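Notes to accompany the following structure.
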Amino acid sequence: DAKTTQPPSMDCAEGRAANLPCNHSTISGNEYVYWYRQIHSQGPQYIIHGLKNNETNEMASLIITEDRKSSTLILPHATLRDTAVYYCIVSSIQGAQKLVFGQGTRLTINP
Amino acid sequence: GAVVSQHPSWVICKSGTSVKIECRSLDFQATTMFWYRQFPKQSLMLMATSNEGSKATYEQGVEKDKFLINHASLTLSTLTVTSAHPEDSSFYICSAPQGNTGELFFGEGSRLTVL
Chain A
160 DAKTTQPPSM DCAEGRAANL PCNHSTISGN EYVYWYRQIH SQGPQYIIHG LKNNETNEMA
220 SLIITEDRKS STLILPHATL RDTAVYYCIV SSIQGAQKLV FGQGTRLTIN P
Chain B
1143 GAVVSQHPSW VICKSGTSVK IECRSLDFQA TTMFWYRQFP KQSLMLMATS NEGSKATYEQ
1203 GVEKDKFLIN HASLTLSTLT VTSAHPEDSS FYICSAPQGN TGELFFGEGS RLTVL
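From first to last, the protein sequence lines stand for chains A and B.
Under our numbering, the letters of the first sequence match residues 160 to 270, in that order.
Under our numbering, the letters of the second sequence match residues 1143 to 1257, in that order.
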């Protein structure tokens, strides 16, 4: 599976949009971009995934660049409860069941 | 979404004893489950793939005789840490896929402390 690079930490003000970048320059054609988050001392939670089109659900939006070498997860109106470690993972649908986690981005939402 | 539950959520045991952690898929069947371990301030590390009705597949460096995995039914996988030592103290998390989107559902995690 392709490797991803994320900033180790980010801060965002409550109520503002949180934009979390992820680089995946070695992504291959059949690999999806998955985002999960882990709130302290809990199991990870699925957020969203996409192949090449932008995706949106009730939690977040995923913007994937045209060359698919990077993506951005957007939390449109961050709340304190969004403070967590966010993981960007690239994998094929088949391989996505066996996720390999990187270090992720520790997002802190400040009041 | 689908629910995966772990038990116990935390356990303290003496060095040398064995500890069993259960992972259940509550509202779906899972032929495959995954076990992760997470040390403080570190990311999740995949330990093994649990397969219903067959042997588990362990990641490189994970001792299969130390971490016994049993997937006896379509809704239950167990991880037994045998002869636990303080260095086995960690947060153990299981996950299971549902459907074919690649989405994984994770349990709440089980925190093991070995004294």
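All C-beta atoms in this analysis are idealised placements derived from N, C-alpha and C, irrespective of residue type, glycine included.
Quantities reported herein were computed from a predicted structural model and do not represent experimental measurements.
Is residue i near residue j, with beta carbons less than 8 Å apart?
{"i": "M1175 of chain B", "j": "S1219 of chain B", "result": "yes"}
{"i": "T242 of chain A", "j": "L266 of chain A", "result": "yes"}
{"i": "S200 of chain A", "j": "G1241 of chain B", "result": "no"}
{"i": "Q165 of chain A", "j": "G261 of chain A", "result": "yes"}
{"i": "L239 of chain A", "j": "I268 of chain A", "result": "yes"}
{"i": "V1146 of chain B", "j": "F1247 of chain B", "result": "yes"}
{"i": "F1170 of chain B", "j": "A1144 of chain B", "result": "yes"}
{"i": "T1217 of chain B", "j": "S1167 of chain B", "result": "yes"}
Identify, in the order they occur along the chain, each residue of the same chain with its Cβ nearer than 6 Å to the Cβ of residue i, setting aside the five sequence neighbours on each side.
{"i": "Q1180 of chain B", "result": "L1186, F1233"}
{"i": "H208 of chain A", "result": "Y191, Y193"}
{"i": "Y245 of chain A", "result": "L179, R196, G263, T264, L266"}
{"i": "D184 of chain A", "result": "In the sequence as displayed, the identity of residue 184 of chain A is Ser instead of Asp. Cβ neighbours of S184 of chain A beyond the five flanking positions: K228."}
{"i": "C181 of chain A", "result": "T163, Q165, S230, C247"}
{"i": "V1153 of chain B", "result": "V1161, L1254"}
{"i": "W1177 of chain B", "result": "M1189, A1190, L1221, C1236"}
{"i": "N1212 of chain B", "result": "T1220"}
{"i": "Q204 of chain A", "result": "R196"}
{"i": "L251 of chain A", "result": "It is Ser, not Leu, that sits at residue 251 of chain A in the sequence shown. Around S251 of chain A: N189, E190."}
{"i": "N1200 of chain B", "result": "For the sequence presented, residue 1200 of chain B should be read as Tyr rather than Asn. Once the five neighbours on either side are set aside, the close Cβ partners of Y1200 of chain B are A1190, K1206."}
Given that a residue counts as buried once 16 or more other Cβ atoms are within 10 Å of its Cβ, and exposed if not, what is residue i?
{"i": "E1245 of chain B", "result": "buried"}
{"i": "L1254 of chain B", "result": "buried"}
{"i": "I1235 of chain B", "result": "buried"}
{"i": "G1195 of chain B", "result": "exposed"}
{"i": "P1182 of chain B", "result": "exposed"}
{"i": "A1172 of chain B", "result": "buried"}
{"i": "T215 of chain A", "result": "exposed"}
{"i": "G202 of chain A", "result": "buried"}
{"i": "S187 of chain A", "result": "exposed"}
{"i": "G1203 of chain B", "result": "exposed"}
{"i": "P1150 of chain B", "result": "exposed"}
{"i": "A1214 of chain B", "result": "exposed"}
{"i": "A1238 of chain B", "result": "buried"}
{"i": "S168 of chain A", "result": "exposed"}
Which chain A residues sit within Cβ distance under 9 Å of residue i?
{"i": "L1221 of chain B", "result": "Under the 9 Å cutoff, chain A gives no residues; its nearest Cβ is about 14 Å from L1221 of chain B."}
Output, in chain order, the set of chain A residues within a Cβ distance shorter than 8 Å of residue i.
{"i": "S1231 of chain B", "result": "Those within 8 Å of S1231 of chain B in chain A number zero; the least Cβ separation is about 14 Å."}
{"i": "N1242 of chain B", "result": "I252"}
{"i": "G1251 of chain B", "result": "S200, Q201, G202"}
How would you list, in chain order, the residues of chain B whose beta-carbon sits under 7 Å from the beta-carbon of residue i?
{"i": "Q262 of chain A", "result": "S1185"}
Keeping to the same chain, check which residues put their C-beta closer than 8 Å to that of residue i; ignore five residues upstream and five downstream.
{"i": "G1158 of chain B", "result": "S1225, A1226, H1227"}
{"i": "R175 of chain A", "result": "H236, A237"}
{"i": "C1155 of chain B", "result": "V1161, A1226, L1254, T1255, V1256, L1257"}
{"i": "N212 of chain A", "result": "I223"}
{"i": "E173 of chain A", "result": "A237, T238, L239, I268, N269, P270"}
{"i": "Y258 of chain A", "result": "Per the sequence shown, residue 258 of chain A should be read as Leu rather than Tyr. Cβ neighbours of L258 of chain A beyond the five flanking positions: Y193, Y195, I248, S250."}
Using a C-beta to C-beta distance shorter than 7 Å, which residues of chain A count as neighbours of residue i?
{"i": "S1235 of chain B", "result": "Looking at the sequence itself, residue 1235 of chain B is Ile, so the reference to Ser does not match. The contacting residues are G202."}
{"i": "L1188 of chain B", "result": "K257, V259"}
Could you work out which residues of chain E lie near residue i, taking near to mean beta carbons separated by less than 9 Å?
{"i": "F1248 of chain B", "result": "The structure shown contains no chain E; its protein chains are A and B."}
Residues of chain B with CB under 8 Å from residue i, in chain order?
{"i": "Y191 of chain A", "result": "G1244"}
Mind listing the chain B neighbours of residue i? Cutoff is C-beta to C-beta under 9 Å, in chain order.
{"i": "Y208 of chain A", "result": "Per the sequence shown, the amino acid found at residue 208 of chain A is His instead of Tyr. By Cβ distance, chain B contributes T1243, G1244, E1245."}
CB-CB under 7 Å to residue i, same chain, minus the five flanking residues each way: which ones, in chain order?
{"i": "L234 of chain A", "result": "A176, A177, A219, D241"}
{"i": "D170 of chain A", "result": "T267, N269"}
{"i": "S1231 of chain B", "result": "L1254, T1255, V1256"}
{"i": "Q1148 of chain B", "result": "I1163, E1164, C1165, C1236, G1249, E1250, G1251, S1252"}
{"i": "E217 of chain A", "result": "none"}
At least three beta-carbon pairs within less than 8 Å, the segment 1148–1162 of chain B to the segment 180–194 of chain A:
As far as the Cβ criterion goes, the segment 1148–1162 of chain B does not touch the segment 180–194 of chain A, which means the pair count is below three.
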